[in-house]
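Have a look at the structure below before the remarks.
There are 2 protein chains.
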Amino acid sequence: MTAHTPAQARVIEAALALFAEHGIGGTSLQMIADAIGVTKAAVYHQYNTKDEIVLAVAEVVLAGLEAALASAEASPSPSRAREVLIGGMIDLAVERRRMAGILQRDPVMLRFLEEHEPFRKVMERVNRVVMGGASTPRARVPAAVVASAIAGTVIHPLGRDLSDAALRSELTRQLRKLFGSV
Amino acid sequence: MTAHTPAQARVIEAALALFAEHGIGGTSLQMIADAIGVTKAAVYHQYNTKDEIVLAVAEVVLAGLEAALASAEASPSPSRAREVLIGGMIDLAVERRRMAGILQRDPVMLRFLEEHEPFRKVMERVNRVVMGGASTPRARVPAAVVASAIAGTVIHPLGRDLSDAALRSELTRQLRKLFGSV
DNA sequence: GTCTATAAATCGATAGAC
DNA sequence: GTCTATCGATTTATAGAC
Numbered sequence: 493m494t495a496h497t498p499a500q501a502r503v504i505e506a507a508l509a510l511f512a513e514h515g516i517g518g519t520s521l522q523m524i525a526d527a528i529g530v531t532k533a534a535v536y537h538q539y540n541t542k543d544e545i546v547l548a549v550a551e552v553v554l555a556g557l558e559a560a561l562a563s564a565e566a567s568p569s570p571s572r573a574r575e576v577l578i579g580g581m582i583d584l585a586v587e588r589r590r591m592a593g594i595l596q597r598d599p600v601m602l603r604f605l606e607e608h609e610p611f612r613k614v615m616e617r618v619n620r621v622v623m624g625g626a627s628t629p630r631a632r633v634p635a636a637v638v639a640s641a642i643a644g645t646v647i648h649p650l651g652r653d654l655s656d657a658a659l660r661s662e663l664t665r666q667l668r669k670l671f672g673s674v
Numbered sequence: 493m494t495a496h497t498p499a500q501a502r503v504i505e506a507a508l509a510l511f512a513e514h515g516i517g518g519t520s521l522q523m524i525a526d527a528i529g530v531t532k533a534a535v536y537h538q539y540n541t542k543d544e545i546v547l548a549v550a551e552v553v554l555a556g557l558e559a560a561l562a563s564a565e566a567s568p569s570p571s572r573a574r575e576v577l578i579g580g581m582i583d584l585a586v587e588r589r590r591m592a593g594i595l596q597r598d599p600v601m602l603r604f605l606e607e608h609e610p611f612r613k614v615m616e617r618v619n620r621v622v623m624g625g626a627s628t629p630r631a632r633v634p635a636a637v638v639a640s641a642i643a644g645t646v647i648h649p650l651g652r653d654l655s656d657a658a659l660r661s662e663l664t665r666q667l668r669k670l671f672g673s674v
């Protein structure tokens with residue numbers, strides 16, 4: 493699913509970088525076209541609206557999350573599933589750094605995630621695994637903390653000059669404190 | 493300092509809400525004017541550029557943080573200072589919810605915080621208190637986790653229907669795990 | 001798949017009246 | 001402090017040639 497032509501892949505890649513730097517609302521199709529080195533019309537030939545580009549970007553970022561989610565859900569125990577998922581989320585976020593951060597940070601993207609059913613479903617699965625069993629109102633807070641901490645820390649100025657390996661291990665160590673395992 | 497006329501206060505209040513909902517880049521001066529019920533020209537009479545509005549909004553949000561920071565820095569011990577500051581940050585974030593969230597989330601606002609000296613100074617003081625003594629690269633990660641967790645959780649969909657009191661106490665409980673006290 | 005050219009709307013910003 | 005009116009630039013988006 494989501495088979496991209498090379499031209500579409502170029503649009504998505506450029507959009508991802510620009511969204512992270514200027515925000516979705518602050519990124520125009522002209523900026524995307526300039527970054528690729530083509531005209532606006534060429535971009536429109538791939539995606540008919542700006543929303544479609546945002547959608548395609550969201551799908552790419554969420555695809556990695558779904559992969560980690562699938563292997564987590566296949567785990568024998570709930571605690572092991574949570575361990576696998578959080579580890580996968582950290583890996584994804586660290587690898588892409590500011591790229592991944594926009595997913596949970598940009599106000600426009602947050603709206604997208606809430607309004608589009610498929611995205612909501614994925615986020616619900618993520619939350620279910622992180623929360624383990626119970627889902628009382630209070631039990632939902634740790635899931636929000638985990639998601640926020642991962643997405644926020646990887647793009648935080650304080651972690652900018654850390655290597656991927658150092659950031660990953662220290663972030664894992666911190667999140668471990670929130671649960672006991674991770 | 494930062495004495496606002498009633499008209500300026502209306503602009504800031506409207507901008508704060510719109511920035512949180514649509515992002516700074518996705519908010520036009522026309523939208524702000526419409527929200528207040530005046531024309532664009534009236535808004536321009538208060539602030540000559542969009543950047544000045546962003547600046548004014550940032551100052552309002554940061555003013556509360558500086559107050560919490562001052563009382564934290566007056567604490568007798570570093571660990572007590574951290575406890576006071578994190579508590580203050582939680583209070584601020586919970587009270588304003590999505591309002592406060594934009595400070596550390598919007599890409600445009602992040603740029604502002606990094607480029608304007610006064611804001612950088614405040615953030616450096618916050619980080620110093622949260623990190624306690626040492627400031628090795630790895631020691632900076634917990635500070636980033638704390639800031640991200642607070643700012644992200646209060647606007648996370650999972651915490652949307654929690655009361656302020658419940659959100660505050662559960663968030664405090666989670667952050668306590670990251671340190672030992674809080 | 002990419003281009004030129006263009007439409008219609010909106011953008012940030014200004015001038016000047018009240 | 002707010003208005004009308006306007007500027008020039010930029011926005012999303014389309015038509016049609018290559």
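Chains as they are written, first to last, in the numbering used here: chain A, 493 to 674; chain B, 493 to 674. Cβ coordinates follow ideal geometry from the N, Cα and C atoms, glycine included.
- Contact annotation for residue 669 (chain A) against chain B: 669 and 670 [CB-CB distance below 8 Å, chain order].
- Here the C-alpha atom of residue 495 (chain A) lies approximately 13 Å from the C-alpha atom of residue 549 (chain A).
- The continuous alpha helix (DSSP H) containing residue 580 (chain B) extends over residues 570 to 588.
- The residues 521, in chain order, have a CB closer than 7 Å to that of residue 542 (chain B) in the same chain once the five nearest residues on each side in sequence are set aside.
- The beta carbon of residue 528 (chain A) lies closer than 7 Å to those of 502, 503 and 506 in the same chain, with the five residues before and after it left out.
- Taking a C-beta cut-off of 7 Å against chain A, the contacting residues of the stretch 619 to 636 of chain B are 619, 629, 630, 632, 633, 634, 635 and 636, listed in chain order.
- When CB distances to chain A are screened at a threshold of 9 Å, the residues of the stretch 502 to 529 of chain B falling below it are 511, 512, 513, 514, 515, 516, 517, 518 and 519, in chain order.
- Taking 8 Å as the cut-off, the Cβ atoms of residue 605 (chain A) and residue 637 (chain A) do not count as close.
- The Cβ atoms of residue 633 (chain A) and residue 672 (chain B) do not sit closer than 8 Å to each other.
- At a beta-carbon threshold of 7 Å, the residues of chain A lying near residue 597 (chain B) are 597, ordered along the chain.
- Around residue 608 (chain B), no beta-carbon contact reaches into chain A at under 9 Å, the shortest distance being about 14 Å.
- By the rule that beta-carbons nearer than 8 Å mark a contact, residue 544 (chain B) does not touch chain A.
- The beta carbon of residue 640 (chain B) falls within 8 Å of a beta carbon belonging to chain A, placing the residue at that interface.
- For residue 499 (chain B), the closest of B:519, B:532 and B:513 by C-alpha to C-alpha distance is B:532.
- Scanning its chain for C-beta atoms nearer than 7 Å, with the 5 sequence neighbours on each side dropped, one finds around residue 535 (chain B) the residues 503, 521, 524 and 525, in chain order.
- In this model, residue 598 (chain B) and residue 561 (chain A) are separated by some 27 Å (Cα to Cα).
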